[in-house]
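Peer 1: Please read through the structure below; I'll follow up with questions.
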Amino acid sequence: MASLRACFTVILMILISSSLSQAHPGNFFDWGEGGGSTGEYFGLFPEFYQYACPQVNDIVMSVLEKAIAEEARLAASLLRLHFHDCFVQGCDASILLDDSEDIASEKNSNPNKNSVRGFEVIDEIKAKLEEACPQTVSCADILALVARGSTVLSGGPSWELPLGRRDSKTASLTVSNRDIPPPNATLENLITLFKQQGLDEVDLVALSGGHTIGVARCVTFRQRLYNQNGNDQPDETLERSFYYGLTSICPKSGGDNNISPLDFTSPAKFDNTYFKLILWGKGLLNSDEVLLTGNGFNTMDLVRSYAEDEELFFNQFAKSMVKMGNISPLIGYNGDVRKDCRRVN
Ligand code: HEM
Ligand SMILES: *[C@@H]1O[C@H](CO)[C@@H](O)[C@H](O)[C@H]1NC(C)=O
């Protein structure tokens, strides 16, 4: 009888401690993850859902697999969502909030409008997770898991993913307009906007490699075709035949939403051809090509290295994704675990 009671007490203690660690993760653990010199990794760790929702990644992957099998581009769209989330008030799922009385949705910002997509997949994952582990897995962590899963399912690298982000109660349309780099950015612009997030030139080049999958609309690369420098001339770094091909997809006026692959040789495969294309003057966006041609920084050497060595690129992409995923997470008592990713609780 005594041993039964002892056993019961132990079980009770485990239950209490696991529910406490769920509610106040930041106070229970301080596992500074390796690699973070700036302390951004505080509070996030890969085993965060080990007890509260051990099947979280399996659920994410099963929904993802089905969605991506139906439409390969969704992998690209979903990878991009995590980036656009993290650059605006940190990785807090602010991008998922719809317009409401209190929220001016980031979905309407210049970089996002008529562009960001994949929200239905996030909704489906969230619904399944709410069934399996109610009010446990944050939407911000779902975005991070989905970004990794999309990379893996497209043939790219995997990585150990720190978890435990919580969801914002706010969004910022203003910051979304200000801090997400535009496609016609100069190399200096890009470096500044990444530095602002604690990301360096190595991160910039490696993460731009995300453009090995997915597409862009005519309106994002038209300037390069017709008026690169305000002189009615095309960008001279564009390879000739590539340029002519693009003009047939993207006329001088109209056709704003016509699309072209970011890596036309293998738009659904996560590989290093993106960097090879840049070397050949066949990078689609100005922000892609300037990594090679922009002056005064060492990004050119990085583009060459990644074009030559896919493993080097994969390893750095994985590291930089973890770093990006650790931008200002909400932890501990901050934020919420939203029940519906589109709305605050
Ligand atoms: C370096 C600065 C970056 C700029 C200027 C930039 C800009 C763009 C633009 C303009 C598009 C096309 C959007 C449209 O036409 O609707 C795009 C698509 C995309 N971006 Fe970036 N991006 C950058 C960095 C990144 C990063 C860091 C990632 C992820 C690691 C990423 C992943 C993607 C993906 C996967 C797509 C294709 C999305 C789809 O097909 O739905 N980008 N980006
Ligand atoms: C980029 O495009 C925007 C909008 O079309 C324009 O206002 C801006 O001047 C362009 N920037 C550069 C560096 O060309």
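Under mature numbering (1 follows the signal peptide of the UniProt record, and there is no 0), residues -23 to -1, 1 to 322 are what the sequence shown spells out, in order. Beta carbons are placed, not taken as given, at the ideal position from N, Cα and C, and that holds for glycine.
1) Taking its Cβ as the centre, do 16 or more other Cβ atoms sit within 10 Å of alanine -22, making it buried, or is it exposed?
2) So what does DSSP say about arginine 155, is it helix, strand or coil?
3) Quick one: what's got a C-beta closer than 6 angstroms to isoleucine 226's C-beta in the same chain, skipping five residues either side?
4) May I ask you to report which of helix, strand or coil DSSP gives leucine 122?
5) What is the rounded straight-line gap between the Cα of serine 131 and the Cα of aspartate 278?
6) Indicate whether leucine 239 and tyrosine 220 have their beta-carbon atoms separated by less than 8 angstroms.
7) Hey, how far is the Cα of isoleucine 308 from the Cα of proline 23?
8) My guess is that phenylalanine 198 and leucine 167 are in contact by the Cβ rule of under 8 angstroms, so how many angstroms apart are they, rounded?
9) With respect to the beta strand (DSSP E) encompassing valine 114, which residues constitute its N-terminal and C-terminal limits?
10) CA-CA distance, glycine 260 and glycine 20?
11) With DSSP as the reference, please indicate the residues paired to aspartate 313 in a beta bridge.
12) Looking at ligand 2, does it come within less than 7 angstroms of proline 88, judged from the CB to the closest heavy atom?
13) Would arginine 319 be called buried (16 or more neighbouring beta carbons within 10 Å of its own) or exposed?
14) Answer with buried or exposed for tyrosine 310, where buried requires no fewer than 16 other C-beta atoms within 10 angstroms of its C-beta.
15) Compute every distance between the C-beta of leucine 56 and the non-hydrogen atoms of ligand 1, then say whether any falls below 7 angstroms.
16) Is the beta carbon of threonine 169 within less than 7 angstroms of some heavy atom of ligand 2?
17) Using beta-carbon positions only, say whether threonine 276 and leucine 164 come within less than 8 angstroms of one another.
18) For a quick check, are the C-beta atoms of valine 314 and arginine 143 less than 8 angstroms apart?
19) Thinking C-alpha only, which one of Leu289, Gly175, Pro244 is nearest serine 305?
20) Would you call alanine 104 buried or exposed, if buried means 16 or more other Cβ atoms sit within 10 Å of its Cβ?
21) Quick one: does the C-beta of glutamine 210 sit closer than 7 angstroms to a heavy atom of ligand 2?
22) From the DSSP output, in three-state form, read off alanine 29 for me.
23) Using the three-state DSSP reduction, which class does valine 192 fall into: helix, strand or coil?
24) Give me, in chain order, the residues of the same chain whose beta-carbon lies closer than 7 angstroms to that of isoleucine 94; leave out the 5 immediate sequence neighbours on both sides.
25) Need the endpoints of the beta strand (DSSP E) that serine 82 sits in, please.
26) Grab me the residues of proline 211's own chain with a C-beta within less than 8 angstroms of its C-beta, minus the 5 sequence neighbours each way, in chain order.
Peer 2: Let's see:
1) What you label residue -22 is simply residue 2 of the sequence shown in a count that begins at 1. Low confidence applies to alanine -22: its pLDDT is 42, below 50, so where it sits in the model is not reliable, and the reading given next is rough at best. Alanine -22 comes out exposed.
2) Locating residue 155 in the sequence shown gives position 178, counting from the first residue. Correct three-state label for arginine 155: helix.
3) Taking the first residue of the sequence shown as position 1, residue 226 is located at position 249. For isoleucine 226, where only same-chain residues beyond five positions count, the Cβ hits under 6 angstroms are Asn235, Ser237.
4) Numbered from its first residue, the sequence shown carries residue 122 at position 145. In this structure, leucine 122 counts as helix in the three-state DSSP scheme.
5) Position 154 of the sequence shown, counted from the start, is the residue given in the question as residue 131. Position 301 of the sequence shown, counted from the start, is the residue given in the question as residue 278. Going by the C-alpha atoms only, they are around 26 angstroms apart.
6) Walking along the sequence shown from the start, residue 239 turns up at place 262. Walking along the sequence shown from the start, residue 220 turns up at place 243. No, they are not a contact pair.
7) On the sequence shown, position 331 is the one that residue 308 refers to. On the sequence shown, position 46 is the one that residue 23 refers to. Rounded to whole angstroms, isoleucine 308 to proline 23 spans 14 angstroms at the Cα level.
8) Numbered from its first residue, the sequence shown carries residue 198 at position 221. Numbered from its first residue, the sequence shown carries residue 167 at position 190. Going by Cβ atoms, the distance from phenylalanine 198 to leucine 167 rounds to 16 angstroms, so no, they are not a contact pair.
9) For this step, residue 114 is matched to residue 137 along the sequence shown. No beta strand (DSSP E) contains valine 114, which DSSP labels as neither H nor E.
10) Counted from its first residue, the sequence shown places residue 260 at position 283. Counted from its first residue, the sequence shown places residue 20 at position 43. When rounded, the distance between both Cα atoms is 38 angstroms.
11) Here residue 313 refers to the residue found at position 336 of the sequence shown. Aspartate 313 is bridged to Asp144.
12) Numbered from its first residue, the sequence shown carries residue 88 at position 111. False, no ligand heavy atom lies under 7 angstroms from that Cβ.
13) Mapped onto the sequence shown, residue 319 falls at position 342. Label assigned to arginine 319: buried.
14) Against the sequence shown, residue 310 aligns to sequence position 333. Answer is exposed; the Cβ neighbour count stays below 16.
15) On the sequence shown, position 79 is the one that residue 56 refers to. Under cutoff, so the answer is yes.
16) Along the sequence shown, read from residue 1 onward, the residue named residue 169 stands at position 192. Not under cutoff, so the answer is no.
17) Position 299 of the sequence shown, counted from the start, is the residue given in the question as residue 276. Position 187 of the sequence shown, counted from the start, is the residue given in the question as residue 164. Yes, Cβ-Cβ distance for threonine 276 and leucine 164 is below 8 angstroms.
18) The residue labelled residue 314 in the question sits at position 337 within the sequence shown. The residue labelled residue 143 in the question sits at position 166 within the sequence shown. Their beta carbons are under 8 angstroms apart, which means valine 314 touches arginine 143 by this criterion.
19) Here the question's residue 305 lines up with position 328 in the sequence shown. Checking every option, the nearest Cα to that of serine 305 belongs to Gly175.
20) The residue labelled residue 104 in the question sits at position 127 within the sequence shown. Alanine 104 is exposed by the Cβ-count criterion.
21) On the sequence shown, position 233 is the one that residue 210 refers to. No, the beta carbon of glutamine 210 sits no closer than 7 angstroms to any heavy atom of ligand 2.
22) Position 52 of the sequence shown, counted from the start, is the residue given in the question as residue 29. Alanine 29: coil per DSSP, three-state reduction.
23) Indexing the sequence shown from 1 puts residue 192 at position 215. Correct three-state label for valine 192: strand.
24) Residue mapping note: residue 94 aligns to position 117 of the sequence shown, counting from 1. The identity of residue 94 in the sequence shown is arginine, whereas the question assumes isoleucine. Hits under 7 angstroms: Ser54.
25) Taking the first residue of the sequence shown as position 1, residue 82 is located at position 105. First-last for serine 82: undefined, no H or E at that position.
26) Residue mapping note: residue 211 aligns to position 234 of the sequence shown, counting from 1. Once the five neighbours on either side are set aside, the close Cβ partners of proline 211 are Arg201, Leu202, Tyr203, Gln205, Tyr220.
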